[in-house]
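Report on the following structure.
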Amino acid sequence: MINYQKIFQEIHEELQGVEREGHVADYIPELAQIDPDHFGVYLTMVDGSEYGLAEGQKRFSIQSIAKVFSFVLAYSRVKSDIWARMDVEPAGTSFNSLVQLEYDKGIPRNPFINAGGIVVCDILISELKDAKSAVLNFVKEISGVTDITFNTKVAQSEKMTGFRNYALVNLMKSFGNIKNEIDQVMDLYFSICSLEMSCQELTKAFLFLANNGVIPYSGKRILSPSRTKRTNAVMQTCGFYDEAGQFTFKVGLPGKSGVGGGIVAIHPEKYAIAVWSPRLNKKGNSHLGMLFLEAFTTKTKSSIF
Ligand code: GLN
């Protein structure tokens with residue numbers, strides 16, 4: 667029997683000596699004010715056992731991690747072919763790059779870079795009556811946490827400064843890959859990015875992906891086994907922008923990061939783990955978060971590879 671709590675403590679102590687590299691996501695003014703020394707981690711097993719350390723229950727801005735929620739909602743409920751609107755290939759460029767998008771005629775490389783997340787929002791607006799409430803209710807349903815909210819200040823802060831995201835959506839609209847009004851699409855996109863959740867809540871929300879598509883605590887099926895496999899595959903190859911290779915190499919789990927400093931990863935049939943440390947490396951992923959998860963899968967021998 668692995669003593670996960672002890673392993674958490676061990677890794678936490680080992681990382682105390684590691685240099686605090688990186689910076690918080692200061693291109694979003696509201697996030698620039700976050701104390702970079704926050705740290706939390708949480709593990710929830712498919713069998714229901716839970717382990718946490720430090721600020722594992724403190725909420726933070728989940729940012730791009732939310733792209734998994736909006737994508738799964740579209741993948742599970744939408745009738746049209748979402749793969750006609752985006753691909754499943756690693757981007758190899760930064761999360762908000764315009765270069766590849768021009769070359770690919772407005773079709774994002776995958777649903778987990780900004781361009782892909784924006785197209786998913788466009789699809790949800792076309793297909794659902796109230797897409798914003800639908801995403802929020804979906805996150806509440808899969809996590810079992812009823813008081814999760816958007817942070818309107820963070821969303822507003824991005825609306826005022828998200829020039830690159832507006833460039834992405836305009837470029838895609840010029841190619842015909844955005845069907846709705848740009849302001850409506852971006853309102854949904856920035857709202858979704860502003861969701862606040864703790865590591866504990868993130869592990870609960872992601873656990874169905876470790877359980878063949880079924881929420882373990884309610885028994886409700888969210889995705890078919892085949893779609894669950896595919897979602898995990900896209901997280902493995904595209905969940906960390908142009909660092910997906912490094913994350914696979916070092917950690918070896920499907921997962922997703924956000925510029926709020928959070929990372930969630932799952933091990934099929936075993937667990938969901940989330941870590942939060944706001945200092946980001948050059949690729950926009952949590953520096954300490956990646957180190958923590960690398961040590962975790964090494965010590966517990968639980969990479970999927
Ligand atoms: N809201 C952020 C943005 O659009 C999300 C990016 C991220 O977390 N990588 O820039």
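Okay, so the sequence shown: first residue is 667 according to our numbering, each after it adds one. For every residue, glycine included, the Cβ atom is placed at its ideal position computed from N, Cα and C.
Continuous beta strand (DSSP E) stretch holding residue i: start and end
{"i": "L719", "result": "716-720"}
{"i": "Y883", "result": "Per DSSP, Y883 belongs to no beta strand (DSSP E) and is neither H nor E."}
{"i": "Y708", "result": "706-711"}
{"i": "G950", "result": "Segment: none, G950 is in no beta strand (DSSP E) and carries neither H nor E."}
{"i": "K922", "result": "921-923"}
Three-state secondary structure (DSSP) of residue i
{"i": "H933", "result": "strand"}
{"i": "M901", "result": "helix"}
{"i": "G810", "result": "coil"}
{"i": "E793", "result": "helix"}
{"i": "A759", "result": "Here residue 759 is Thr; the residue named in the question, Ala, does not match the sequence. Coil."}
{"i": "D853", "result": "helix"}
{"i": "E679", "result": "helix"}
{"i": "N776", "result": "coil"}
{"i": "I844", "result": "coil"}
{"i": "G782", "result": "helix"}
{"i": "K967", "result": "coil"}
{"i": "V684", "result": "coil"}
{"i": "S892", "result": "helix"}
{"i": "D788", "result": "helix"}
{"i": "R751", "result": "coil"}
{"i": "T815", "result": "coil"}
{"i": "S746", "result": "coil"}
{"i": "F906", "result": "coil"}
Extent of the continuous alpha helix (DSSP H) to which residue i belongs
{"i": "V976", "result": "Outside the shown range of the chain (667 to 971) lies residue 976, about which nothing can therefore be said."}
{"i": "S823", "result": "818-827"}
{"i": "K916", "result": "910-916"}
{"i": "E768", "result": "765-769"}
{"i": "E696", "result": "695-698"}
Cross-strand partners of residue i (DSSP beta bridge)
{"i": "Y670", "result": "Y670 pairs with nothing; no bridge assigned."}
{"i": "I939", "result": "L709, A931"}
{"i": "F726", "result": "M863"}
{"i": "R887", "result": "V880"}
{"i": "L946", "result": "H689, S952"}
Sequence-distant residues of its chain with Cβ nearer than 6 Å to residue i (five each side left out)
{"i": "K733", "result": "F778, G783"}
{"i": "V754", "result": "N776, V900"}
{"i": "A940", "result": "Y708, C865, L868, T869, V930"}
{"i": "C787", "result": "V851, L854, Y855"}
{"i": "M838", "result": "G772, I844"}
{"i": "T903", "result": "P756, A910"}
{"i": "P774", "result": "M752, A781, G782, V785"}
{"i": "L889", "result": "S742, G879"}
{"i": "G722", "result": "G706, V707, Y708, C865, Q866"}
{"i": "S923", "result": "F906, I929, N951"}
CB-CB length for residue i against residue j, believed under 8 Å
{"i": "A781", "j": "L834", "result": "5 Å"}
{"i": "I814", "j": "L802", "result": "7 Å"}
{"i": "A876", "j": "I808", "result": "Going by Cβ atoms, the distance from A876 to I808 rounds to 12 Å, so no, they are not a contact pair."}
{"i": "K936", "j": "V712", "result": "6 Å"}
{"i": "A691", "j": "L957", "result": "With a Cβ gap of about 18 Å, A691 and L957 do not count as contacting."}
{"i": "A757", "j": "D908", "result": "6 Å"}
{"i": "S760", "j": "G950", "result": "7 Å"}
{"i": "F697", "j": "G926", "result": "Going by the sequence as given, residue 697 is Leu instead of Phe. The pair is a contact, with the Cβ atoms about 6 Å apart (cut-off 8 Å)."}
{"i": "G911", "j": "G921", "result": "Actually they are not in contact, since the Cβ atoms of G911 and G921 sit about 13 Å apart, beyond 8 Å."}
{"i": "I728", "j": "F962", "result": "Their Cβ separation, rounded to whole angstroms, is 20 Å, which puts I728 and F962 out of contact at 8 Å."}
{"i": "P882", "j": "G714", "result": "7 Å"}
Neighbourhood of residue i by C-beta, 7 Å cutoff - its chain only, sequence neighbours within 5 removed
{"i": "S857", "result": "K798, F816, A821"}
{"i": "P695", "result": "S823, T827"}
{"i": "R830", "result": "N762"}
Cβ neighbours of residue i in the same chain (closer than 8 Å, five flanking residues each side left out)
{"i": "T789", "result": "Before going further, note that residue 789 is Ile rather than Thr in the sequence given. Correct list, in chain order: A740, V744, S746, I748, R751."}
{"i": "N898", "result": "L875, P920, I932, P934"}
{"i": "K965", "result": "I673, E676, I677"}
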